[in-house]
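Reading the sequence shown from the start, the letters are residues 1 to 177 in full-length UniProt numbering. Think of the CB as a built atom: it goes at the ideal place given N, C-alpha and C, for glycine as much as any other residue. For reference, the structure discussed in these notes is given below.
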Amino acid sequence: MAESKPGLRKPTFTKVDQLRPGTSGHTLTVKVVSTKMVLQKGRADGPQVRQMRIAECLVGDETGLIIFTARNDQGHVGWYYTFEPQIMRGMVVKGEPALAHLGGSKARRSPLVLVDLMKEGSTVILRNAKIDMFKGSMRLAVDKWGRVEVTEPADFTVKEDNNLSLIEYELVNVVEE
């Protein structure tokens, strides 16, 4: 008899107000309220092929808000093509385009990264997210073991008066005698 493999666990979805410092393994469905680029190094047309981009996105659900740090080094989700001399743009999420040249023009390929997915108003599912601490406040992040998926719009209204990133935490060591 063949051994039966254990089935995949169903994800348990967490609400924003249940997040605590130092925790990980969260799966959340959130809406992107705002996005702000905080670091951008390198140029797409410069000698440095890889750009470093970090965006802070305010995300939330019906229970509250938290800042999500989106980094482009979390892996690309597809390719972004620019065709020259005409400026034509196309996106291929899986695989390569059938033609590398369009009308005799050269195609330039750049990675489409997580920072590009976090658009205001979009709904995303964050899988295996963790809480990082930055200057005493909580930040939500997804590392290389996590995943960000754009999904269909959620039917909840974001509660904007409960921002968990505004709460300042302090680590206190208790010495037992």
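Check: What does a CB cutoff of less than 8 Å around Ser24 pick up in its chain, not counting 5 residues either side in sequence?; Outcome: Asn128, Ala129, Lys130, Ile131
Check: For Arg53, does the count of other Cβ atoms within 10 angstroms reach 16, so buried, or fall short, so exposed?; Outcome: buried
Check: For Met138, count the other beta carbons within 10 Å of its own beta carbon; 16 or more makes it buried, fewer makes it exposed. Which is it?; Outcome: buried
Check: Under 6 Å Cβ to Cβ from Pro97, same chain only, skipping five residues before and after it: list those, please.; Outcome: The predicted model places Pro97 with a pLDDT of 47, which falls under 50 and marks its position as unreliable; any figure quoted below should be read in that light. Excluding residues within five positions, none has a Cβ falling inside 6 Å.
Check: What does the alpha-carbon distance come out to for the pair Val16 and Thr63?; Outcome: 6 Å
Check: Excluding the 5 residues preceding and the 5 following Glu168 in the sequence, name in chain order all residues of the same chain whose CB lies nearer than 7 Å to its CB.; Outcome: Gly136, Ser137
Check: If you check the beta carbons only, do Ile66 and Glu56 fall under 7 Å apart?; Outcome: no
Check: For residue 178, which of helix, strand or coil comes out of DSSP?; Outcome: Nothing in the structure corresponds to residue 178, since the chain is present only between 1 and 177.
Check: Check whether the Cβ atoms of Val142 and Val33 lie closer than 7 Å to each other.; Outcome: no
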